[in-house]
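Here the sequence shown is numbered in our numbering, starting from 3 and rising by one per residue.
Every residue, glycine too, gets a C-beta built ideally from N, C-alpha and C.
What you are looking at is a predicted structure, and each value in this text was computed from that prediction instead of being measured.
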Amino acid sequence: MQQRLALGGAATLGVAAVIVLGTAASASAHVEATSTSTAANSYTTATFSVPHGCDGSPTTKLQFDIPSSIIEVTPTVNPNWDITKTTEKYTSPSASADDESAEDAGERVTSITYAAKTPLPADERDTFSLSFSLPDGKPGDVVALPVTQTCEQGSTEWDQAQKAGQAEPEHPAPSITLTAATASASGDDDATAANATDDDATTAPAASSSSSSSEPDLVGRFLGLGGLVLGAAGLVVAVAATRRRSTK
3 MQQRLALGGA ATLGVAAVIV LGTAASASAH VEATSTSTAA NSYTTATFSV
53 PHGCDGSPTT KLQFDIPSSI IEVTPTVNPN WDITKTTEKY TSPSASADDE
103 SAEDAGERVT SITYAAKTPL PADERDTFSL SFSLPDGKPG DVVALPVTQT
153 CEQGSTEWDQ AQKAGQAEPE HPAPSITLTA ATASASGDDD ATAANATDDD
203 ATTAPAASSS SSSSEPDLVG RFLGLGGLVL GAAGLVVAVA ATRRRSTK
């Protein structure tokens, strides 16, 4: 009886382990993005992890769609892939106030495409990094970066939005959740410079008093050394006089 219970318990644990491992594998099978910074208005580098192919088929191309809130993107070179950048004309929201004409409009990056020089095997992974400035926004705002994964056979659109309170979709779009904006770098530099000035003003009197107090010490040392020299000279003279007397 006890043996049957033990076997039954072991079987239950085994099933539970399979479910947990299967769930973990499923969760890690998505194309995900990690970023060096998530603060609104900050510069960040987002690294996308592509863990597998399309139902066993090798990956040949990845297209990263850039949302309209991001203007310029710098892709990181990957020696195994060729990079192309797609752009469109862009006019800033303040163009009308600045009397900016259509000829003066800049360009906005709409997508970055990595094409494989050699197809990425379905059971191997690779990473791709894009650098850009995050848009302005409130903490909790989501910046989605959809990815189209093309394989030798088939493709996968990683573009489904994750909605709060709902289960994760089958093909969620990689995304970055914004956090509160931080103080500007120039403000930090100004504060650092001000602190450095205060520190210099505080330490300057201490340095001058230290140098002034060291002067008497040096004088005393020289006087003492001079006294020793004179004393030694007097001793030599006395010994010489004593020898002369004894010779006579």
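Is the beta carbon of proline 77 sitting closer than 9 angstroms to the one on alanine 146?
The count along the sequence shown starts at 1 and reaches residue 77 at position 75. The count along the sequence shown starts at 1 and reaches residue 146 at position 144. Contact flag unset, no.
Taking just the CA atoms, how far does alanine 41 sit from serine 188?
Taking the first residue of the sequence shown as position 1, residue 188 is located at position 186. Taking the first residue of the sequence shown as position 1, residue 41 is located at position 39. Confidence at serine 188 is low in this model, with a pLDDT of 40, below 50, so its placement is unreliable and the value that follows should be read with caution. Distance between the alpha carbons of serine 188 and alanine 41: 16 angstroms.
Figure out for me which residue from Asp161, Gly142, Gly55 and Glu90 has the closest Cα to the Cα of proline 171.
For the purposes of this step, residue 171 is identified with residue 169 of the sequence shown, where counting begins at 1. When only C-alpha atoms are compared, the closest one is Asp161.
Within a Cβ cutoff of 8 angstroms, which residues of the same chain sit near serine 177, ignoring the five residues on either side of it in sequence?
Here the question's residue 177 lines up with position 175 in the sequence shown. Result list for serine 177: Ala35, Val144, Val145, Ala146, Leu147 and Gln164, in chain order.
Note down, in chain order, each residue of its chain lying with its Cβ closer than 8 angstroms to the Cβ of phenylalanine 130, except the 5 sequence neighbours on either side.
Taking the first residue of the sequence shown as position 1, residue 130 is located at position 128. So the qualifying residues of the chain are Thr49, Phe50, Val52, Leu64, Phe66, Pro77, Thr78, Asn80, Trp83 and Tyr116.
Reference threonine 62; option with closest CA among Pro174, Leu122 and Ala183:
Within the sequence shown, the letter at position 60 stands for residue 62. For threonine 62, the nearest C-alpha among the options comes from Leu122.
Per DSSP, glycine 108 is paired with what?
On the sequence shown, position 106 is the one that residue 108 refers to. Note: glycine 108 sits in a beta bridge opposite Tyr92.
Cβ neighbours of glutamate 74 in the same chain (closer than 7 angstroms, five flanking residues each side left out)
Mapped onto the sequence shown, residue 74 falls at position 72. Closer than 7 angstroms at the Cβ level, and outside the excluded window around glutamate 74, lie Val111 and Phe134.
Quick one: residues in its chain with C-beta nearer than 7 angstroms to the C-beta of glycine 139, no 5 flanking neighbours on either side, listed in chain order?
For the purposes of this step, residue 139 is taken as the residue at position 137 of the sequence shown. Non-local C-beta neighbours of glycine 139 in its own chain, meaning closer than 7 angstroms and more than five positions away in sequence, comprise Ala42 and Leu180, ordered along the chain.
Three-state class that DSSP yields for alanine 26 in the structure shown:
Residue 26 sits at position 24 when you count from the first residue of the sequence shown. Unreliable placement is indicated for alanine 26, whose pLDDT of 35 sits below 50; the coordinate value is still reported in the next sentence. Here alanine 26 sits in helix by DSSP.
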